[in-house]
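Here the structure comes first, spelled out in structure tokens, and everything after it is commentary.
Okay, structure coming up:
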């Protein structure tokens with residue numbers, strides 16, 4: 003106790019004993035796990051991971067006394083993220099200590115040994131996100147990037163299951179996507195749904211297909227990496243209402259999503275392109291769609307030769323010089339996980355996620371593809387994949 007009193011006296015001396023003829027506007031001190039900050043605007047705040055006692059209240063009064071001359075203003079007290087209150091200062095220090103204790107719900111009793119109030123240190127203002135949580139930094143990043151927000155002003159709900167609508171909305175915002183309008187391809191998505199634009203964008207980018215969206219479905223680990231991988235592959239493809247309009251990337255290999263029906267004029271005019279995978283959904287290819295792509299060697303078509311010949315092709319000299327591989331099927335992918343078959347639709351996505359450091363296995367030999375992801379896990383995956 004003597005050491006604590008000595009520390010308080012020394013700190014007070016530092017706050018008061020400045021050699022310049024002005025007082026500091028802010029005074030800060032930390033002891034017993036609590037950081038006290040007193041400001042000349044009449045604010046006293048308590049943050050940290052310790053427990054409040056009357057001694058912290060006494061110190062707050064001493065500190066604000068040291069930086070306010072004359073009569074106290076109305077004092078605002080902030081305790082962690084959950085308590086904000088105020089009271090009028092008095093000329094009597096003991097009265098101010100008592101008022102501060104009352105405001106914070108702490109018993110003012112110098113003989114008391116049991117702390118009265120716990121101050122929880124939080125992240126981003128969310129009471130359910132702590133500094134030591136693995137998802138703490140990803141949550142802050144996701145909120146700052148406006149990828150997502152909390153489920154309320156003070157909660158993020160990191161342990162709640164993440165839904166399909168949520169993860170695809172996160173991706174839509176992360177990639178700053180835009181939907182090109184038109185009717186929803188999904189029978190279970192209305193224009194009034196909060197995820198409507200994200201659903202259309204995901205369809206247009208080939209991230210999700212079919213005529214049902216199932217936005218309330220829980221997102222599994224396999225679904226999460228599959229959506230993220232497809233979003234990454236499609237990031238440079240500008241697709242509008244089934245039309246491949248422009249390719250802005252520099253990759254030598256392009257996989258066209260199976261939502262595309264038309265490849266537009268000079269849509270794939272990138273001189274670095276050496277191979278392209280075309281789905282059976284494509285019914286028309288515009289003239290010079292592959293303009294200036296003399297390096298294009300291989301076209302992997304997912305249908306038969308008869309289906310290929312049924313496509314409406316306009317002139318495309320570069321395409322005519324490439325080797326067409328019919329009935330193309332993706333080769334088995336080795337992931338090293340016993341529960342991820344090499345032929346699984348999501349196998350390539352699992353390999354991508356592990357290679358990129360987005361996630362790893364749940365054990366050395368298992369990926370647990372059917373395990374449901376939480377909101378905390380999903381923002382962590384996104385942070386690892388997209389944060390610069």
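In this note's numbering, the protein residues as written are 3 to 390. C-beta: ideal position from N, C-alpha, C; glycine also.
- Distance check between residue 208 and each of 335, 144, 240, 29 places 240 closest, using alpha-carbon atoms only.
- Taking the Cα positions, residue 286 is about 42 Å away from residue 368.
- In the DSSP assignment, residue 359 forms no beta bridge with any residue.
- The continuous alpha helix (DSSP H) containing residue 139 extends over residues 138-146.
- The beta carbon of residue 157 lies closer than 8 Å to those of 128, 129, 130 in the same chain, with the five residues before and after it left out.
- Under the criterion of beta carbons closer than 8 Å, residue 229 and residue 238 do not qualify as touching, at roughly 17 Å.
- The residues 39, in chain order, have a CB closer than 6 Å to that of residue 30 in the same chain once the five nearest residues on each side in sequence are set aside.
- A Cβ-Cβ separation of about 42 Å leaves residue 376 out of contact with residue 60 under the 8 Å criterion.
- Per DSSP, reduced to three states, the secondary structure at residue 378 is helical.
- Using a 10 angstroms sphere on the CB of residue 93, the tally of other CB atoms stays under 16, which defines it as exposed.
- Residue 335 and residue 150 have their C-alpha atoms spaced approximately 33 Å apart.
- Beta-bridge annotation (DSSP): residue 256 is paired with 278.
- Leaving aside the five residues that flank residue 174 on each side, the residues in its chain whose CB is nearer than 6 Å to its CB run, in chain order, 200, 203.
- For residue 62, the enclosing alpha helix (DSSP H) covers residues 56-69.
- DSSP places residue 307 inside the alpha helix (DSSP H), whose first and last residues are 307-311.
- Taking 8 Å as the cut-off, the beta carbon of residue 262 is found closer than this to the beta carbon of residue 246.
- The DSSP-derived three-state label of residue 111 is coil.
- The C-beta distance from residue 306 to residue 329 rounds to 6 Å, short enough to fall under 8 Å.
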